[in-house]
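Report on the structure given below.
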Amino acid sequence: MRQFTDENLGALDVVECLKNAGRSIKDIKVFMELVSQGDATLAERQAMFYDLKQRLQAKLATLEETMKMVDFKCAYYTQAVAERYVKEAMHRVD
Numbered sequence: 001m002r003q004f005t006d007e008n009l010g011a012l013d014v015v016e017c018l019k020n021a022g023r024s025i026k027d028i029k030v031f032m033e034l035v036s037q038g039d040a041t042l043a044e045r046q047a048m049f050y051d052l053k054q055r056l057q058a059k060l061a062t063l064e065e066t067m068k069m070v071d072f073k074c075a076y077y078t079q080a081v082a083e084r085y086v087k088e089a090m091h092r093v094d
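For the record, in the sequence shown the residue sitting at position 62 is 62 according to the working numbering, with numbers rising by one throughout.
Have a look at this one:
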């Protein structure tokens, strides 16, 4: 049975974070290589995370705008369907 250290688990958490953020396997591999090089690459790793943060903020803004449109369309179609049922019910009464 393989035993993982806290350091191993921490690295896996970072890999999962990068993956969830949409980073490629290549980018994750580059990051892990930088980690293995030690403190000499701290600034480079910091820059990678600030770049990632900016990309995620832009993506989040786009998703928020998309969500507004989806919410609008949900409300629009809910109203349109309700109005259709009312019209159909009125025609049946006639």
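From the three backbone atoms N, C-alpha and C, an ideal C-beta is built for every residue, glycine too.
Check: Phe-31, enclosing alpha helix (DSSP H) - first and last residue; Outcome: 25-36
Check: Under the three-state DSSP convention, the category Gly-10 falls into; Outcome: helix
Check: Whole-angstrom C-beta distance between Leu-18 and Asp-6, which should lie under 8 Å; Outcome: 19 Å between Cβ atoms; not a contact.
Check: Reduced DSSP secondary structure (H/G/I, E/B, other) of Thr-49; Outcome: Sequence check: residue 49 is Phe here, not Thr. Correct three-state label for Phe-49: helix.
Check: Cutoff 7 Å; reference Glu-88; Cβ partners in own chain excluding five residues on either side; Outcome: none
Check: Whether Thr-41 touches Leu-52 by CB criterion (8 Å); Outcome: no
Check: Buried or exposed by the 16-neighbour rule on C-beta atoms within 10 Å, applied to Phe-31; Outcome: buried
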